[in-house]
Amino acid sequence: MARSGSGSVAVIGAGVAGCATAAQLRRAGFDGRISLWETGRGPGGRASTRRSRGDGALAIDHGAPLLNIRSERPPELLEPLLEGGWITPWSGLMALLEGESRLHIGRPDVLGIGQLYRGADGMDGLCRGLLQLGASGAQPAAEAHYGTLIRSLECASSGSWLLRDRQGELQGEADWLVLSSTLLAHPRSCLLFEWPEVPLVRAAASLGDLQLDHALTTIAGIRAEARSNLLLLFPPEDALPWSSLPFSLVNFDPAAQQRWGLRRISIQPLPDGRCAVVAHSSDAFAADHLDVYGSHSAVARLLDLPVDAGREEDVIQALARAVMECLAPWIDDLTLERASPQLMRWAAAFPVAPGLPPSLRLCPLSRVGFCGDYLDGEGFGRIEGALHSAEQLAASLLQAGLT
Ligand SMILES: Cc1cc2nc3c(=O)[nH]c(=O)nc-3n(C[C@H](O)[C@H](O)[C@H](O)COP(=O)(O)OP(=O)(O)OC[C@H]3O[C@@H](n4cnc5c(N)ncnc54)[C@H](O)[C@@H]3O)c2cc1C
Numbered sequence: 410m411a412r413s414g415s416g417s418v419a420v421i422g423a424g425v426a427g428c429a430t431a432a433q434l435r436r437a438g439f440d441g442r443i444s445l446w447e448t449g450r451g452p453g454g455r456a457s458t459r460r461s462r463g464d465g466a467l468a469i470d471h472g473a474p475l476l477n478i479r480s481e482r483p484p485e486l487l488e489p490l491l492e493g494g495w496i497t498p499w500s501g502l503m504a505l506l507e508g509e510s511r512l513h514i515g516r517p518d519v520l521g522i523g524q525l526y527r528g529a530d531g532m533d534g535l536c537r538g539l540l541q542l543g544a545s546g547a548q549p550a551a552e553a554h555y556g557t558l559i560r561s562l563e564c565a566s567s568g569s570w571l572l573r574d575r576q577g578e579l580q581g582e583a584d585w586l587v588l589s590s591t592l593l594a595h596p597r598s599c600l601l602f603e604w605p606e607v608p609l610v611r612a613a614a615s616l617g618d619l620q621l622d623h624a625l626t627t628i629a630g631i632r633a634e635a636r637s638n639l640l641l642l643f644p645p646e647d648a649l650p651w652s653s654l655p656f657s658l659v660n661f662d663p664a665a666q667q668r669w670g671l672r673r674i675s676i677q678p679l680p681d682g683r684c685a686v687v688a689h690s691s692d693a694f695a696a697d698h699l700d701v702y703g704s705h706s707a708v709a710r711l712l713d714l715p716v717d718a719g720r721e722e723d724v725i726q727a728l729a730r731a732v733m734e735c736l737a738p739w740i741d742d743l744t745l746e747r748a749s750p751q752l753m754r755w756a757a758a759f760p761v762a763p764g765l766p767p768s769l770r771l772c773p774l775s776r777v778g779f780c781g782d783y784l785d786g787e788g789f790g791r792i793e794g795a796l797h798s799a800e801q802l803a804a805s806l807l808q809a810g811l812t
C-alpha cells in the first residue's frame, strides 16, 4: 500500500494547523496539489472572527482572542506572519479575577504568559496570513473548499484517499490525508452527527496499519473542555463603560469560575465606536448546557437542528447575569438592553492532555498525518501548539516521500 514520491495532499480543516501545514509545505518547495476542506464559511476554526455580509465593520473574535508564544524556539511561521502584518503584538491589559471579586491588574493566566499576539484585523487574519504565506504569485497555497463537511473517507485500491460529503458525493481525491481536527477520528462525531461509525476508524478497518490503529485508539481517549460563549455587541452610546475599564481581558481563577460560571471576558472595541464583549463560560457551565448550541452556531446551521429558543434564552440570561454581577464593582449603569446577545457553543474548545504523541503524527503505510493543538508537545491545546504541530507534520510528510 505504501507509495513514495506521491504528490497530492488533502487537508481536512482550515484552522491554524490546516492552514499552517499548507503554508509550510509550500515554503519547503512542495509544488503538488494541496486541497483544503473546511465546513465553516472561511478559514480560522477556533481562531476565527464572526463577520457579517451586511455589516462591514463587524468583527468579533468569538473563539481565541489572542495567541501566546512561550517556547524557546517559536514556530518558524511566526516571523513571516509578523513581517507580513497578518498578526501584531497584543497590547491590551490583562487582569485576573480571584475568588469573589479581587481583581489583579496585569496578572496573566496560562493563556497570557509569553509573547502575546493577535490577528491584525481580527483573529482570522492569522489563517488568512498563513494561506497567503504559502501562495506563489496568483497561485494560492491550497485549493480551498469552504462550506463542505467531509463525512466519509475511503482508501481506494489504487491507494488514493477518497473524500465524500454527507450526500455521499465524491468531493476530492489525494495521495495523502491530513486530519487537522480529531472530528473524523473521534467517537464524539457519532454523538454529534448520529453517525453509526467513526469515519476514519471505518476506513482504517481494512488497511491493517497498526500504527494508524494505535493513533485512532489514542485519539478516541482525548477529552475536550467545552465553552459556552456569550457575544454582546454594544452600540456606541453604551460602549464607553466598557472601553473605560482598566483591562481588556479578564481571566477568572478557579474560585471565581466556580462563583460566576465564567472563565474569561474579552472586550473588543470596534473602529466605529461600538464595543463587542465575549464572555467565555467555565468548562463546568458549558458541560451543564452542552445541548444548547446557540441558533447562530455552525453546528445548528450545518445539521439544521431545531433550536429550543427558550433554553437558549435561559443560557444567555444566566451568562449575562453573571457578567453584570461580577463586573458591577467596576462598571456603572451597565445595560444589556441594546446588546443583541448571541450564544456560541464550542463543544471541543480545548483538548485535555495527554494528546496524540509525536510518534503517531504520521502513519506512512496508510499515508495519514495528524496535526492540530491535540498533538502532544510545546503549546498543546493552544494556537502555538497548532503551529508547531503543522510545521512538524510538513517536515515529516516531505521526509516520508511527499514530493
Ligand atoms: C473560546 C476559545 C478560546 C481560546 N483561547 C485561546 C487563547 O487565548 N490562546 C490560544 O493560544 N488558544 C486559545 N484557544 C485554542 C485555540 O483556538 C486552538 O488551540 C487553535 O485554534 C486550534 O487550531 P487547530 O487548527 O488545531 O484546530 P481548529 O481550529 O479546531 O481547526 C480544525 C478545523 O477543521 C474543521 N473540520 C473538522 N472536521 C471537518 C470535516 N469533517 N470537514 C470539514 N471541516 C472540518 C473545523 O471546522 C475547524 O475549522 C481558544 C479556543 C476557544 C474555543
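Every position in the sequence shown, counted from 1, becomes a number in the numbering used here once 409 is added. Ideal placement from N, C-alpha and C gives every residue a C-beta, glycine not left out.
Sub-8 Å separation of residue i and residue j beta-carbons
i: ARG683; j: LEU654; result: no
i: ASP785; j: LEU765; result: yes
i: LEU807; j: ALA547; result: no
i: PHE779; j: ALA624; result: yes
i: CYS831; j: LEU671; result: The first residue shown for the chain is 410 and the last is 812, placing residue 831 beyond what the model contains.
i: LEU506; j: LEU512; result: yes
i: ASP782; j: ALA426; result: yes
i: ASN477; j: ILE522; result: yes
i: TRP446; j: ALA473; result: no
i: GLN666; j: SER691; result: yes
i: GLU563; j: ALA612; result: yes
i: VAL777; j: LEU586; result: yes
i: ALA429; j: LEU699; result: no
Candidates the options: closest to residue i by CA position
i: ILE559; options: LEU467, ALA748, ARG442, LEU579; result: LEU579
i: ALA629; options: GLN667, ASP584, HIS595, PHE661; result: HIS595
i: GLU509; options: ALA799, GLN576, ASP662, THR744; result: ASP662
i: PRO517; options: TRP499, ASP464, ASP533; result: TRP499
i: PRO452; options: ARG482, LEU658, SER589; result: SER589
i: TRP755; options: ALA635, SER480, LEU616; result: ALA635
i: SER569; options: PRO483, PRO605, LEU774; result: LEU774
i: VAL761; options: ILE469, ASP470, ALA504, THR627; result: THR627
Near ligand 1: residue i beta-carbon under 7 Å from a heavy atom
i: ILE514; result: no
i: TRP570; result: no
i: ASN660; result: no
i: HIS595; result: no
i: ASP647; result: no
i: ILE725; result: no
i: GLY764; result: no
i: LEU743; result: no
i: THR812; result: no
i: ASP782; result: yes
i: TRP755; result: yes
i: VAL425; result: yes
i: LEU619; result: no
i: TRP585; result: no
i: PHE759; result: yes
i: GLU447; result: yes
i: THR458; result: no
i: ALA431; result: no
i: GLU746; result: no
i: GLY778; result: no
i: THR557; result: yes
Assigned secondary structure, residue i (DSSP; H/G/I helix, E/B strand, else coil)
i: PHE656; result: coil
i: TRP495; result: coil
i: CYS780; result: coil
i: MET532; result: coil
i: VAL607; result: coil
i: LEU796; result: helix
i: ALA411; result: Model confidence at ALA411 stands at a pLDDT of 36, short of 50, so the residue's coordinates are unreliable; what they give is reported in the following sentence. ALA411 falls in the coil class under three-state DSSP.
i: GLY465; result: strand
i: TRP755; result: strand
i: HIS554; result: strand
i: ASP785; result: coil
i: GLU746; result: coil
i: SER510; result: coil
i: LEU475; result: coil
i: GLY453; result: strand
i: PRO773; result: coil
i: SER417; result: strand
i: ILE674; result: strand
i: GLY422; result: coil
i: ALA431; result: helix
Start and end residues, alpha helix (DSSP H) containing residue i
i: ARG482; result: Taken as a continuous stretch (DSSP letters only), ARG482 belongs to no alpha helix (DSSP H), as it is neither H nor E.
i: ILE559; result: Neither: ILE559 is in no alpha helix (DSSP H) and is coded neither H nor E.
i: ILE522; result: Careful: ILE522 lies outside any alpha helix (DSSP H) and carries neither H nor E.
i: PRO680; result: Element bounds for PRO680: n/a, residue is neither H nor E.
i: LEU600; result: 597 to 602
Residue i, enclosing beta strand (DSSP E) - first and last residue
i: GLY581; result: 579 to 583
i: ARG442; result: 442 to 446
i: ARG791; result: From DSSP, ARG791 is part of no beta strand (DSSP E); its letter is neither H nor E.
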